[in-house]
Amino acid sequence: MSGPLEFDTIIVGAGSAGCLLANRLSAQRGQRILLVEAGGEDDWFWIKIPVGYLFTIANPRTDWCFKTQPEPGLAGRSVHYARGRGLGGSSSINAMIYMRGQSYDFDQWAQLTGDERWRWNGENGQTLSIYKALENYFGGANDWHGETGEIRVETPRVKWKILDAWQQAAAQQGIPSIDEFNRGNNEGCAYFHVNQRRGRRWSMADAFLHPVRHRENLSVFTNTQTLQVLFEENRERRPSDQSAWANATLRARGVRLLKDGQIIEARARKEVILSAGAIGSPHILQASGIGDPKHLAEFYVPVRQGLPGVGQNLQDHLQIRTIFKIKNARTVNSLYANPLSRIGMALQYGLLRRGPMTMPPSTLGAFTKSDPSQPSANLEWHVQPLSLPKFGEPLHEFDAITPSVCNLRPSSRGQVLLQHSDPLQAPSIRCNYLSTPDDLDIAVKGIEATRAIMKADALAAYAPEELLPGPAKVSQQDLEQAARELGTTIFHPVGTCAMGRVNNKGESENPFTVLDTSFRLRGVAGLRVVDASAMPTITSGNTNAPVMLMAERAARDILASR
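Quick note: to get the working numbering, add 121 to the position in the sequence shown (first position is 1).
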């Protein structure tokens with residue numbers, strides 16, 4: 122590596138947001154862009170095959186393999202916390218479900234940030250229009266979707282008789298069958314749309330990075346871990362319209378990297394953008410001296426900018442896995458158990474790109490309100506035509522389904538914090554699941570609603586038999602304990618560097634606000650955080666599509682300022 126490492130913009134993390142930002146910012150030919158990824162290339166064949174998540178999650182080749190701290194709300198259990206490692210980030214190992222969130226989610230963002238552009242639509246709202254611009258939708262352009270964007274959206278390439286019956290049962294319990302989600306109000310039941318192209322995973326590296334990787338002004342470092350952000354005195358005070366950077370005394374001048382066993386530095390003439398995710402970005406900030414001064418002092422990390430909100434406000438969706446044994450319909454369990462049908466599934470995929478090997482972890486979804494007072498649907502089901510005792514264990518030998526229900530707006534909050542001054546050591550992740558009475562109550566209502574659907578007439582022909590949590594558990598106390606024992610993450614961490622209202626002096630009434638609505642970090646010029654950590658509140662469903670919304674917004678703001 123000869124010559125000084127100097128770029129205009131350095132992007133840390135080649136996950137979903139980082140790939141889009143590299144695409145958009147390198148379109149300006151006069152700008153030199155560096156994209157840094159701790160993991161490797163995304164050329165392993167299991168990444169592209171949809172069911173490959175069975176081999177990529179919990180594999181250190183493609184997953185950071187984080188573990189949470191023991192969770193009191195999960196009966197003292199520690200859970201595996203998958204985060205993508207490699208080009209594409211979590212979009213290379215996730216469920217591929219394309220879920221925008223609901224209009225209510227973005228109304229909340231507008232209120233919390235003071236930025237009306239976050240609203241779904243209307244006079245100032247840009248959310249729907251940006252989603253449409255990003256999409257390459259299988260059905261073509263219409264009022265809800267676009268067809269000229271990079272993110273391919275398709276329908277599932279396999280359906281199941283038992284899931285069709287579950288959809289009918291949900292309708293009998295007041296959850297109507299609908300054409301699709303993603304129109305602003307998700308109440309109803311439908312098959313999920315997925316980020317696939319002709320039966321193969323379509324990651325955000327496929328969508329945004331690989332088509333432009335040939336650009337001479339774009340450099341991509343893989344297997345390169347970011348240790349710290351580097352700073353210098355901010356001699357250039359920015360004008361008041363820079364919000365979070367107004368009156369900043371520090372400026373991000375680059376990053377310290379571990380590459381090929383050597384520590385090197387890369388300088389950024391304009392900006393450093395952290396897109397390392399809701400776990401990685403706050404960890405890098407804290408290792409660099411940005412965070413709660415009391416916490417940093419515990420690890421003798423010199424404080425460069427006191428921001429107590431860094432690493433706080435962690436939100437995630439907790440799914441309660443119920444399992445029902447069934448009759449008279451095949452599921453993945455029996456198909457996989459039979460060597461001949463297993464060969465048939467492989468041939469079907471290899472020849473036609475169809476069948477169970479194209480299946481995301483969950484195929485059918487449903488949304489409803491836990492009670493009528495909710496402003497929008499706050500319960501979601503992911504219904505799987507399979508079952509297993511625990512993640513990582515073999516499928517059951519009998520046919521069964523797993524309707525997992527989750528609270529879309531949890532009030533529990535966790536944190537991501539240093540547990541060592543060495544930036545190569547994993548951070549401490551504490552989600553605090555089910556730590557509020559509301560979250561426990563909604564978890565119980567979710568289990569009860571699942572049972573009601575399973576007892577509906579539409580499923581009677583399949584004789585469903587409850588295995589988990591088990592029919593003997595009926596009291597509030599029993600079901601609360603069941604939620605603690607069965608609950609597990611759906612891998613949707615957000616919020617650990619939250620956006621908020623920031624005035625033209627760089628000040629916020631909320632001391633836990635980390636970013637302004639253009640993702641600029643308070644008090645440090647030239648430093649942004651663009652990834653799921655920026656969400657002030659979690660969206661209704663899978664979080665990859667909202668991350669792309671934020672990345673596109675950030676790219677537009679950055680380009681407009683240059």
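The C-beta atom is built at its ideal place from N, Cα and C for all residues, glycine as well.
Bear in mind that the values here come from a model prediction, so they are computed numbers and not experimental data.
If you drop the 5 nearest sequence neighbours on each side, which residues of the same chain put their C-beta closer than 7 Å to that of residue i?
{"i": "Arg-674", "result": "Ile-251"}
{"i": "Tyr-583", "result": "Ile-283, Ala-286, Ile-447, Lys-448, Asn-449 and Ala-450"}
{"i": "Asn-454", "result": "Leu-507, Ser-508, Leu-516, His-517, Glu-518, Phe-519, Asp-520 and Ala-521"}
{"i": "Val-333", "result": "Asn-144, Ser-147 and Leu-339"}
{"i": "Leu-642", "result": "Ala-365, Val-635, Leu-636, Leu-648, Arg-649 and Val-650"}
{"i": "Phe-176", "result": "Trp-167"}
Within this structure, are the beta carbons of residue i and residue j separated by less than 7 Å?
{"i": "Val-684", "j": "Gly-410", "result": "With the chain covering 122 to 683 only, the question about residue 684 has no answer from this structure."}
{"i": "Asp-560", "j": "Ser-533", "result": "yes"}
{"i": "Lys-446", "j": "Glu-569", "result": "no"}
{"i": "Ile-131", "j": "Val-393", "result": "yes"}
{"i": "Thr-660", "j": "Gly-305", "result": "no"}
{"i": "Ala-231", "j": "Asn-625", "result": "no"}
{"i": "Lys-253", "j": "Gly-267", "result": "yes"}
{"i": "Ser-213", "j": "Gly-205", "result": "yes"}
{"i": "Thr-609", "j": "Pro-524", "result": "no"}
{"i": "Ala-196", "j": "Gly-647", "result": "no"}
{"i": "Arg-150", "j": "Phe-128", "result": "no"}
{"i": "Gly-476", "j": "Val-279", "result": "yes"}
{"i": "Ala-216", "j": "Pro-482", "result": "yes"}
{"i": "Leu-395", "j": "Arg-377", "result": "no"}
{"i": "Phe-187", "j": "Ile-550", "result": "yes"}
{"i": "Phe-342", "j": "Val-157", "result": "yes"}
{"i": "Gly-320", "j": "Arg-572", "result": "no"}
{"i": "Ala-311", "j": "Ile-272", "result": "no"}
{"i": "Ala-292", "j": "Val-668", "result": "no"}
{"i": "Phe-488", "j": "Asn-303", "result": "no"}
With a cut-off of 8 Å on the beta carbons, I'd call residue i and residue j a contact; round off their distance for me.
{"i": "Cys-552", "j": "Leu-435", "result": "6 Å"}
{"i": "His-314", "j": "Glu-275", "result": "7 Å"}
{"i": "Gln-363", "j": "Gly-644", "result": "With a Cβ gap of about 12 Å, Gln-363 and Gly-644 do not count as contacting."}
{"i": "Met-478", "j": "Ala-467", "result": "7 Å"}
{"i": "Val-565", "j": "Ala-365", "result": "With 8 Å as the limit, Val-565 and Ala-365 do not qualify as a contact, their Cβ atoms being about 41 Å apart."}
Quick one: residues in its chain with C-beta nearer than 6 Å to the C-beta of residue i, no 5 flanking neighbours on either side, listed in chain order?
{"i": "Gln-289", "result": "Ala-579"}
{"i": "Met-575", "result": "Phe-445 and Pro-585"}
{"i": "Pro-297", "result": "Gly-309"}
{"i": "Thr-370", "result": "Asn-355"}
{"i": "Phe-420", "result": "Leu-539 and Ser-542"}
{"i": "Asp-637", "result": "Ser-364, Ala-365 and Val-623"}
{"i": "Gly-209", "result": "Asp-163, Ser-324, Met-325 and Ala-326"}
{"i": "Gly-160", "result": "Arg-206 and Gly-207"}
By how many angstroms is the C-alpha of residue j removed from the C-alpha of residue i?
{"i": "Ala-672", "j": "Leu-142", "result": "6 Å"}
{"i": "Arg-336", "j": "Thr-484", "result": "37 Å"}
{"i": "Pro-429", "j": "Thr-452", "result": "49 Å"}
{"i": "Trp-241", "j": "Pro-496", "result": "15 Å"}
{"i": "Ala-286", "j": "Phe-259", "result": "25 Å"}
{"i": "Leu-607", "j": "Ile-522", "result": "15 Å"}
{"i": "Pro-460", "j": "Arg-318", "result": "28 Å"}
{"i": "Ala-389", "j": "Trp-165", "result": "32 Å"}
{"i": "Pro-548", "j": "Ser-462", "result": "43 Å"}
{"i": "Gln-598", "j": "Ile-168", "result": "42 Å"}
{"i": "Asp-163", "j": "Tyr-470", "result": "21 Å"}
{"i": "Ala-90", "j": "Ala-619", "result": "Outside the displayed range of the chain (122 to 683) lies residue 90, so it cannot be described from this structure."}
{"i": "Gly-134", "j": "Asp-381", "result": "17 Å"}
{"i": "Asp-437", "j": "Trp-502", "result": "15 Å"}
{"i": "Pro-193", "j": "Ala-604", "result": "12 Å"}
{"i": "Tyr-202", "j": "Gly-616", "result": "16 Å"}
{"i": "Gly-662", "j": "Pro-614", "result": "11 Å"}
{"i": "Lys-594", "j": "Leu-600", "result": "6 Å"}
{"i": "Leu-126", "j": "Leu-155", "result": "9 Å"}
{"i": "Ile-679", "j": "Val-537", "result": "28 Å"}
{"i": "Leu-670", "j": "Ala-397", "result": "16 Å"}
{"i": "Gly-486", "j": "Tyr-225", "result": "19 Å"}
{"i": "Gln-602", "j": "Leu-555", "result": "11 Å"}
{"i": "Asn-344", "j": "Thr-183", "result": "12 Å"}
{"i": "Asn-316", "j": "Lys-415", "result": "42 Å"}
{"i": "His-404", "j": "Gln-433", "result": "11 Å"}
{"i": "Val-504", "j": "Gly-401", "result": "30 Å"}
{"i": "Arg-238", "j": "Gln-190", "result": "37 Å"}
{"i": "Gly-535", "j": "Gly-412", "result": "15 Å"}
{"i": "Gly-235", "j": "Met-220", "result": "24 Å"}
Among all the DSSP beta bridges, which residues are the ones paired with residue i?
{"i": "Gln-426", "result": "Ile-411"}
{"i": "His-503", "result": "Gly-486 and Ser-525"}
{"i": "Gln-317", "result": "Arg-322"}
{"i": "Gly-465", "result": "Answer by DSSP bridge pairing: none, since Gly-465 is not bridged."}
For residue i, collect the residues of the same chain with a Cβ closer than 8 Å to its Cβ; drop the 5 residues on either side in sequence, then sort them by chain order.
{"i": "Leu-545", "result": "Gln-346, Leu-348 and Leu-379"}
{"i": "Asn-499", "result": "Lys-490, Ser-491, Asn-528, Leu-529, Arg-530, Ile-563 and Ser-661"}
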